[in-house]
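Q:
Number of protein chains: 2
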Amino acid sequence: MPDADIRVLVVEDEAIAAEAHAVYLGRLAGFVHAGTARDGHSALRSLAEAESAGRPIDLVLMDMTLPDLHGLDVSRRMRSAGLMTDIIAITAVRDLKIVRGAVAAGIVQYLIKPFTYATFAQKLGQYRDFRLQLGTQSRVTNQSDVDLAFASLRAPAELPRPKGLAEGTLSAVVDFLKEHESPVSSSEVTDALGISRVTARRYLEYLADTGTVLRSPRYGTPGRPENEYSWMRIPRP
Amino acid sequence: MPDADIRVLVVEDEAIAAEAHAVYLGRLAGFVHAGTARDGHSALRSLAEAESAGRPIDLVLMDMTLPDLHGLDVSRRMRSAGLMTDIIAITAVRDLKIVRGAVAAGIVQYLIKPFTYATFAQKLGQYRDFRLQLGTQSRVTNQSDVDLAFASLRAPAELPRPKGLAEGTLSAVVDFLKEHESPVSSSEVTDALGISRVTARRYLEYLADTGTVLRSPRYGTPGRPENEYSWMRIPRP
DNA sequence: GTCGCGCGTGAACAATATGACCGCAACCGT
DNA sequence: ACGGTTGCGGTCATATTGTTCACGCGCGAC
Numbered sequence: 034m035p036d037a038d039i040r041v042l043v044v045e046d047e048a049i050a051a052e053a054h055a056v057y058l059g060r061l062a063g064f065v066h067a068g069t070a071r072d073g074h075s076a077l078r079s080l081a082e083a084e085s086a087g088r089p090i091d092l093v094l095m096d097m098t099l100p101d102l103h104g105l106d107v108s109r110r111m112r113s114a115g116l117m118t119d120i121i122a123i124t125a126v127r128d129l130k131i132v133r134g135a136v137a138a139g140i141v142q143y144l145i146k147p148f149t150y151a152t153f154a155q156k157l158g159q160y161r162d163f164r165l166q167l168g169t170q171s172r173v174t175n176q177s178d179v180d181l182a183f184a185s186l187r188a189p190a191e192l193p194r195p196k197g198l199a200e201g202t203l204s205a206v207v208d209f210l211k212e213h214e215s216p217v218s219s220s221e222v223t224d225a226l227g228i229s230r231v232t233a234r235r236y237l238e239y240l241a242d243t244g245t246v247l248r249s250p251r252y253g254t255p256g257r258p259e260n261e262y263s264w265m266r267i268p269r270p
Numbered sequence: 034m035p036d037a038d039i040r041v042l043v044v045e046d047e048a049i050a051a052e053a054h055a056v057y058l059g060r061l062a063g064f065v066h067a068g069t070a071r072d073g074h075s076a077l078r079s080l081a082e083a084e085s086a087g088r089p090i091d092l093v094l095m096d097m098t099l100p101d102l103h104g105l106d107v108s109r110r111m112r113s114a115g116l117m118t119d120i121i122a123i124t125a126v127r128d129l130k131i132v133r134g135a136v137a138a139g140i141v142q143y144l145i146k147p148f149t150y151a152t153f154a155q156k157l158g159q160y161r162d163f164r165l166q167l168g169t170q171s172r173v174t175n176q177s178d179v180d181l182a183f184a185s186l187r188a189p190a191e192l193p194r195p196k197g198l199a200e201g202t203l204s205a206v207v208d209f210l211k212e213h214e215s216p217v218s219s220s221e222v223t224d225a226l227g228i229s230r231v232t233a234r235r236y237l238e239y240l241a242d243t244g245t246v247l248r249s250p251r252y253g254t255p256g257r258p259e260n261e262y263s264w265m266r267i268p269r270p
């Protein structure tokens with residue numbers, strides 16, 4: 034039983050997205066696409082049917098914006114009905130209240146659209162590890178076992194960065210950008226972090242290319258215009 | 034509001050334990066003991082009252098074994114009632130099903146009795162970090178922000194020394210770090226202790242990963258930056 | 001005695017910041 | 001308008017360090 038495939042129900046109203054999730058699932062070992070629901074009520078129905086048929090759903094990939102109910106409402110109704118099915122939220126909604134609510138509603142992960150297959154695979158993989166952690170022990174656990182299980186569930190994502198960029202330097206640059214409301218130039222980053230101009234520019238260019246910071250030229254002074262970079266509060270739609 | 038104290042309700046039937054939790058809470062900065070309930074129904078009542086009085090509870094320390102209801106039932110009823118209050122389970126029950134159910138019911142942490150004050154403080158501190166993470170941003174977030182928030186609910190995996198590290202060498206490295214005020218590089222450790230660069234780095238890296246030392250790159254010279262490690266005098270609360 | 005395991009080592013390989021150098025694109029003086 | 005000045009953008013070779021791999025040494029088990 035612990036080694037059986039994880040049965041997944043996709044809840045998503047847009048047909049194209051639903052299809053994409055199903056295809057993604059098919060590529061992952063250990064997961065089985067057990068069905069698709071297009072709205073909240075049919076999701077609840079599918080879950081109940083699967084339950085009474087003796088083939089319960091293990092995991093729900095739930096979109097938050099559904100035609101009839103909000104995804105959080107569906108989750109709450111599931112809990113009220115006594116369903117302990119795990120839920121991963123997949124949504125374009127970036128509202129913080131929703132995230133908070135998701136945690137309270139027992140949602141194990143929160144994926145923000147659009148996401149790459151790599152991100153998807155990583156989150157699902159974490160969930161599989163979590164189940165494995167809890168599946169190996171029989172009945173009893175100690176604190177560190179529980180901690181370990183929680184840890185594998187909520188480990189931070191290591192987004193793949195191209196070769197040549199160091200983790201520490203990147204986060205230093207990002208932190209500096211985040212704590213500055215006004216746009217900063219590459220020379221300011223150079224001075225503040227004690228790194229060379231070339232390095233600063235390399236990281237800033239990377240962030241600009243991936244769309245996480247905004248780049249614009251700064252005119253008014255002699256010499257070639259200097260680029261200035263500003264952290265985007267609303268990431269690329 | 035994000036800087037306000039976190040109001041905590043203790044749900045515990047044993048008077049002595051309840052008192053202990055309240056005392057522990059009093060010692061922690063940023064938390065306020067907002068009341069105690071001795072069973073599930075009065076807990077639900079207290080939560081509703083606090084809500085309608087405009088002073089909602091932020092966090093519940095919930096025992097799983099209560100005289101009237103199971104702690105999980107209380108959690109589920111809270112969710113059904115639309116309460117988004119966060120819950121930390123405090124229990125002697127080691128049943129795996131309960132742990133699984135706890136995750137699904139939106140329980141953020143799981144403390145197994147008996148526990149020390151240090152463990153208690155650590156878990157509560159993690160929860161405070163989690164709130165802080167979500168409180169700093171205003172409205173919108175990106176995937177890595179959400180990941181970061183989830184990650185702060187994670188335990189700093191207290192691994193029992195992941196094979197390959199010897200007790201003696203580890204304490205030698207730690208001692209050397211402790212007696213040096215300024216950050217040290219791996220090559221300094223190599224020279225001082227007479228061990229190879231690879232070995233020194235392995236131990237320093239382990240200490241950095243577990244969060245007991247601080248690692249930061251040293252820029253300014255050509256070549257790949259050298260990491261420097263410094264003993265943390267104030268272990269982050 | 002030898003088999004295997006834990007742990008440290010040296011060397012080859014990969015990663016990554018830097019200084020130097022050149023060219024560009026906007027101001028400025030005539 | 002037009003060439004000169006200025007200061008930053010882009011590219012390279014180079015210097016160091018981080019990382020990985022296979023090996024060896026010592027010790028306990030069988």
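Same order as they appear, the protein sequences are chains A and B. Read the first sequence against the numbering used here and you will find it ends at 270, with the numbers running on by one and no gaps. Read the second sequence against the numbering used here and you will find it ends at 270, with the numbers running on by one and no gaps. The beta carbon of each residue, even a glycine, is placed where N, CA and C say it ideally should be. Nothing here was measured: the structure is a model prediction, and the numbers come from that model.
Is it right to say Arg269(A) is buried, meaning 16 or more other beta carbons lie within 10 angstroms of its own, or is it exposed?
A: Only weak support is given to the placement of Arg269(A): the predicted model assigns it a pLDDT of 44, under 50, and the question is left unresolved by the model.
Q: With a Cβ-Cβ cutoff of 8 Å, do Tyr239(A) and Leu210(A) count as a contact?
A: Not in contact: Tyr239(A) and Leu210(A) (Cβ atoms no closer than 8 Å).
Q: Flag this pair as yes or no: are the beta carbons of Leu105(B) and Met97(B) separated by less than 8 Å?
A: Yes, the pair counts as a contact, with Cβ atoms nearer than the cut-off.
Q: Compare the C-beta of Arg40(A) with all C-beta atoms of chain B and state if any pair is closer than 8 Å.
A: Taking Cβ atoms only, chain B never reaches closer than 8 Å to Arg40(A), which makes this a no.
Q: Using a Cβ cut-off of 9 Å, which residues of the stretch 123-136 of chain B contact any Cβ in chain A, in chain order?
A: Cβ contacts with chain A come from Arg127, Asp128, Leu129, Lys130, Val132, Arg133, Gly134, Ala135, Val136.
Q: Answer yes or no: do Pro89(B) and Asp46(B) have a C-beta to C-beta separation smaller than 8 Å?
A: No, they are not a contact pair.
Q: For Ala67(A), collect the residues of the same chain with a Cβ closer than 8 Å to its Cβ; drop the 5 residues on either side in sequence, then sort them by chain order.
A: Around Ala67(A): Arg40, Val41, Leu42, Ala83, Arg88, Ile90.
Q: Beta-carbon separation of Ile140(A) and Leu94(A) under 8 Å?
A: No.
Q: Kindly identify the DSSP beta-bridge partner or partners of Ala70(B).
A: Answer is Val44(B), bridged to Ala70(B).
Q: Determine the burial state of Arg112(B): buried for a count of at least 16 other Cβ atoms within 10 Å of its Cβ, exposed for fewer.
A: Its Cβ being crowded by 16 or more others within 10 Å, Arg112(B) is buried.
Q: On the DSSP bridge assignment, give the partners of Glu238(B) in chain order.
A: Glu238(B) pairs with nothing; no bridge assigned.
Q: Report the neighbours of Ala199(A) on chain B: residues whose CB is nearer than 9 Å to its CB, in chain order.
A: Here the neighbours are Pro250, Arg257, Pro258.
Q: In whole angstroms, what is the alpha-carbon distance linking Gly256(A) and Ser204(A)?
A: When rounded, the distance between both Cα atoms is 30 Å.
Q: Distance check for Ser75(A) and Arg109(A), CA to CA, integer angstroms please.
A: Distance between the alpha carbons of Arg109(A) and Ser75(A) is about 15 Å.
Q: Out of Thr149(B), Leu186(B), Tyr150(B), state which residue places its alpha-carbon closest to the alpha-carbon of Tyr160(B).
A: For the residues Thr149(B), Leu186(B), Tyr150(B), the minimum Cα distance to Tyr160(B) belongs to Leu186(B).
Q: What number of angstroms, rounded off, separates the C-alpha of Gln155(B) from the C-alpha of Ala233(B)?
A: Between Gln155(B) and Ala233(B), the C-alpha separation is close to 29 Å.
Q: Note down, in chain order, each residue of its chain lying with its Cβ closer than 6 Å to the Cβ of Thr69(A), except the 5 sequence neighbours on either side.
A: Val43, Ala51, listed in sequence order.
Q: Counting C-beta neighbours from all protein chains within 10 Å, is the total for Val206(A) 16 or more, i.e. buried, or is it exposed?
A: Val206(A) should be labelled buried.
Q: Could you name the residues of the same chain whose beta carbon sits closer than 8 Å to that of Leu77(B), not counting the 5 residues immediately before and after it, in chain order?
A: If we look at Leu77(B) and ignore the five residues flanking it on each side, its Cβ neighbours are Val107, Arg110, Met111, Ala114.
Q: If you draw a straight line from the alpha carbon of Pro195(A) to that of His103(B), how long is it in whole angstroms?
A: One C-alpha to the other measures close to 50 Å.
Q: Could you check where the alpha helix (DSSP H) with Ile90(A) kicks off and where it finishes?
A: Segment: none, Ile90(A) is in no alpha helix (DSSP H) and carries neither H nor E.
Q: Measuring CA to CA, which of Thr202(A), Pro216(A), Gly244(A), Thr245(A) is closest to Gly227(A)?
A: Looking at the Cα atoms, Thr202(A) is the closest of the given residues.
Q: Going by Cα to Cα distance, which pick from Gly253(B), His213(B), Ser218(B) is closest to Thr223(A)?
A: If we check each option's Cα against that of Thr223(A), Gly253(B) comes out closest.
Q: For Asp242(A), count neighbouring C-beta atoms within 10 Å of its own C-beta (all shown protein chains included) and say buried if the count is 16 or more, exposed if not.
A: Burial call: exposed.
Q: Pick helix, strand or coil for Phe148(B), following the three-state DSSP scheme.
A: Of the three classes helix, strand and coil, the one that applies to Phe148(B) here is coil, per DSSP.
Q: Looking at the C-beta of Phe153(B), does it have a partner C-beta in chain A at a distance below 8 Å?
A: False, the Cβ-Cβ gap to chain A never drops below 8 Å.
Q: Measuring only the C-alpha atoms, how far is Arg127(B) from Ser249(B)?
A: Roughly 40 Å separates the two Cα atoms.
Q: Using the C-alpha atoms, what's the distance from Ala184(A) back to Ala184(B)?
A: About 8 Å.
Q: Taking DSSP as the reference, what is the three-state secondary structure of Thr118(A)?
A: Coil.
Q: Counting only the same chain and skipping the five closest in sequence on each side, list residues whose C-beta sits under 6 Å from that of Val65(B).
A: Counting only Cβ-Cβ distances below 6 Å, and skipping sequence neighbours, we find Asp38, Arg40.
Q: Tell me whether Val132(B) sits in a helix, a strand or coil according to DSSP, three-state version.
A: DSSP places Val132(B) in helix when its eight states are reduced to three.
Q: So who's on the other strand from Gln351(A), going by DSSP bridges?
A: The question about residue 351(A) has no answer here: the residues shown for chain A are numbered 34 through 270.
Q: Count the other CB atoms, across all protein chains shown, that sit within 10 Å of the CB of Ile145(A); report buried if there are 16 or more and exposed otherwise.
A: Label assigned to Ile145(A): buried.
Q: Could you tell me whether the Cβ of Gly236(A) comes closer than 8 Å to any Cβ of chain B?
A: It is Tyr, not Gly, that sits at residue 236(A) in the sequence shown. Chain B, which has no Cβ nearer than 8 Å to the Cβ of Tyr236(A), makes this no.
Q: Provide the residue span of the alpha helix (DSSP H) that contains Glu200(B), from first to last.
A: 200-211 is the span of the alpha helix (DSSP H), which, as asked, contains Glu200(B).
Q: To the nearest angstrom, report how far apart Gln166(A) and Val56(A) are at their CA atoms.
A: Approximately 26 Å, taken between the alpha carbons.
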